[in-house]
Amino acid sequence: MRALKEPEAILDFHIPSRLHDGCGLNLKAIDLLKSRGTSLIITTDCGSSDVEQVAYAKTQGIDVIITDHHRPPETRPDAYAMINPWRLDCTYSERYLCGVGIAFKLAQALYRAYKRPVADELTLLDLVAVGTIADVAPLLGENHTLVHLGLQKLNQTQNPGLLALVRKVGLQPGRIRERDIAFALAPRINAAGRMKDASIAFNLLTTDDPLEAAHYVEELEQLNMSRQRQTEELMHHVRTEAQLRPNDKVVLVSGDNWPEGIIGLVAGKLSEEIHRPVLVLSRGPEFSRGSARSQKGLNIIDALRGCADILVRYGGHAQAAGFTIANNLIEKLREHLLGWNGQSLPVMVASAVEEAEVELADQTGVVIEQETINVQMIDLLFKRLDRINYSLYCKIRELAPFGAANPEPTFKIEGLHILSSWSSGYDGRNLRLLMGIGNLQFKGTLIRGGAQRSSFPVGQVVNVVFSLEPAWSPPEEASRQEIWLKILHLEVQQ
Numbered sequence: 006m007r008a009l010k011e012p013e014a015i016l017d018f019h020i021p022s023r024l025h026d027g028c029g030l031n032l033k034a035i036d037l038l039k040s041r042g043t044s045l046i047i048t049t050d051c052g053s054s055d056v057e058q059v060a061y062a063k064t065q066g067i068d069v070i071i072t073d074h075h076r077p078p079e080t081r082p083d084a085y086a087m088i089n090p091w092r093l094d095c096t097y098s099e100r101y102l103c104g105v106g107i108a109f110k111l112a113q114a115l116y117r118a119y120k121r122p123v124a125d126e127l128t129l130l131d132l133v134a135v136g137t138i139a140d141v142a143p144l145l146g147e148n149h150t151l152v153h154l155g156l157q158k159l160n161q162t163q164n165p166g167l168l169a170l171v172r173k174v175g176l177q178p179g180r181i182r183e184r185d186i187a188f189a190l191a192p193r194i195n196a197a198g199r200m201k202d203a204s205i206a207f208n209l210l211t212t213d214d215p216l217e218a219a220h221y222v223e224e225l226e227q228l229n230m231s232r233q234r235q236t237e238e239l240m241h242h243v244r245t246e247a248q249l250r251p252n253d254k255v256v257l258v259s260g261d262n263w264p265e266g267i268i269g270l271v272a273g274k275l276s277e278e279i280h281r282p283v284l285v286l287s288r289g290p291e292f293s294r295g296s297a298r299s300q301k302g303l304n305i306i307d308a309l310r311g312c313a314d315i316l317v318r319y320g321g322h323a324q325a326a327g328f329t330i331a332n333n334l335i336e337k338l339r340e341h342l343l344g345w346n347g348q349s350l351p352v353m354v355a356s357a358v359e360e361a362e363v364e365l366a367d368q369t370g371v372v373i374e375q376e377t378i379n380v381q382m383i384d385l386l387f388k389r390l391d392r393i394n395y396s397l398y399c400k401i402r403e404l405a406p407f408g409a410a411n412p413e414p415t416f417k418i419e420g421l422h423i424l425s426s427w428s429s430g431y432d433g434r435n436l437r438l439l440m441g442i443g444n445l446q447f448k449g450t451l452i453r454g455g456a457q458r459s460s461f462p463v464g465q466v467v468n469v470v471f472s473l474e475p476a477w478s479p480p481e482e483a484s485r486q487e488i489w490l491k492i493l494h495l496e497v498q499q
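Okay, here's the thing in structure tokens:
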């Protein structure tokens, strides 16, 4: 919308309701847009499978340009244009752009066609960075470059909505990193569509009025708090039901009228906890809508494709999918999943991806609310502890931004003595430690570890898995900049 916003342009937008419309184009929306005088629909992050809907739009005199990154079916919609790197005839080298990345490519093409300066393109990258990280797209190749440049723009953004959101969550312009998007900005933006209406977030990001922006931010904050409460309540239900089926290799849980905006979050969290694919369904009067999340190496969209005849609609990715099914067929779906052998995803080679058969484990669309760490995946066991300093942190940051498919380096130190400990954060939820060995000392933080303080008394010897964090200092003290250990796992040394 920002790219198309010109004085003579007549623009409108429509975001399908997650609760009432599902995802993508739908006939009701096309009728609504026709009544508004729409002659061209440009989709974002949807439309590749909407053959019937695009055909109907054409009968109404509406052209459709599809921008999407979902794999299209063999029979594609007869759209005016389809911009999708997964088209079999696509020759573009980068397949793993997410929805916002594909939309940016269209904006780039328009800007260049109208001889706009390259600097105008770059002003869009703050939103591209936010969208790419929020969509948990793999931060490799062009995604990595777009987010790297986008973070620079985000730290200097003049967008009133982004500025209001940054202030609300307590971030400092100039110091915003990718994890700040993932764990502070993105959950609040996503809360709009999950809990109420995605147009709230759209209005925030497109308004030019700081007062309007402040109003939208407050609404998003309340919606995000409600989303967190409801997610925890629903997690209790699905854990209980999953425990009744400990031997099912794929877990399917369902309940009446569960909030559709958060069932995907719950499916993702439960899948992480039990290390199995999880499907969570919200049952309506006749049909259920479900979200599926899978573990690496198990292609959940292929599992759904194998029973497409009993599904009303489905779509998604290898590790995240959505679907609709009649209530009387849910048990048939369960039987299909119990008999499913799974499908291993091919390992991505180091060279450029040239063929569709060579595929990266697709994480796009998997919304991660809390960090997880595989404590077996340690990049380096430190023996020369004197090398852990701010200079090392700066060198590591040259590999940033970190995220899906490009994780932040993880280190381990063995044999640290706890010298002191204290709680910090809201309700003392975080655990702070001063640890040492010989004449070296390190400060560290275990997020949400406050309740474990008694398990690690002063004098205890521990092994620590961590990544590096800066202890921010005023610019005039930059030469004395220190680092903290962001503790990912803490264990008593045996």
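In this note's numbering, the protein residues as written are 6 to 499. Built from N, CA and C at the ideal position, the CB exists for glycine as well.
Taking the Cα positions, N332 is about 25 Å away from E237. The alpha-carbon of Q65 is positioned some 57 Å away from that of P475.
R437 has W427, T450 as its beta-bridge partners, per DSSP.
In the structure shown, G327 adopts extended strand secondary structure according to DSSP, grouped into three states.
Excluding its 5 nearest sequence neighbours in each direction, L111 has C-beta neighbours in its own chain below 7 Å: T72, I88, listed in chain order. Sequence-distant partners of F471 (beyond 5 residues in either direction) whose C-beta falls short of 7 Å from its own C-beta, in its chain, are F416, G449, L490, K491, I492, L493. For T211, the CB contacts under 6 Å within the same chain, skipping 5 residues up- and downstream, are M6 in chain order. Here V497 is exposed. Its C-beta has fewer than 16 other C-beta atoms within 10 Å. With a 10 Å radius around the Cβ and a threshold of 16 neighbouring Cβ atoms, I15 comes out exposed. Non-local C-beta neighbours of I20 in its own chain, meaning closer than 6 Å and more than five positions away in sequence, comprise A203, S204, ordered along the chain. Per the coordinates, the alpha-carbon of R234 lies some 28 Å from the alpha-carbon of G320.
A straight line joining the alpha-carbon of S53 with that of W263 spans about 28 Å.
Shown here, D68 sits in a strand according to DSSP, grouped into three states. Nearest C-alpha to D384 among F407, P414, C51: P414.
In chain order, D131, A134, I181 place their CB closer than 6 Å to the CB of L159, counting only its own chain and leaving out the 5 sequence neighbours on each side. When secondary structure is reduced to three states using DSSP, G320 falls in the strand class. Residues of the same chain with a CB within less than 6 Å of the CB of F387, apart from the 5 flanking positions on each side, are F416, I418 in chain order. Look at H74 here: in three-state DSSP terms it is coil, with no helix or strand label. Using a C-beta cut-off of 8 Å, the region 190-200 makes contact with the region 213-228, since at least three inter-stretch Cβ pairs fall below that distance.
In this structure L127 touches L154 by the C-beta definition: roughly 7 Å separates them, less than 8 Å. If you check the CB distance, S287 and I268 come in under 7 Å. The continuous beta strand (DSSP E) containing G295 extends over residues 292-298. For the pair W345 and A308, the CB atoms are nearer than the 7 Å cut-off.
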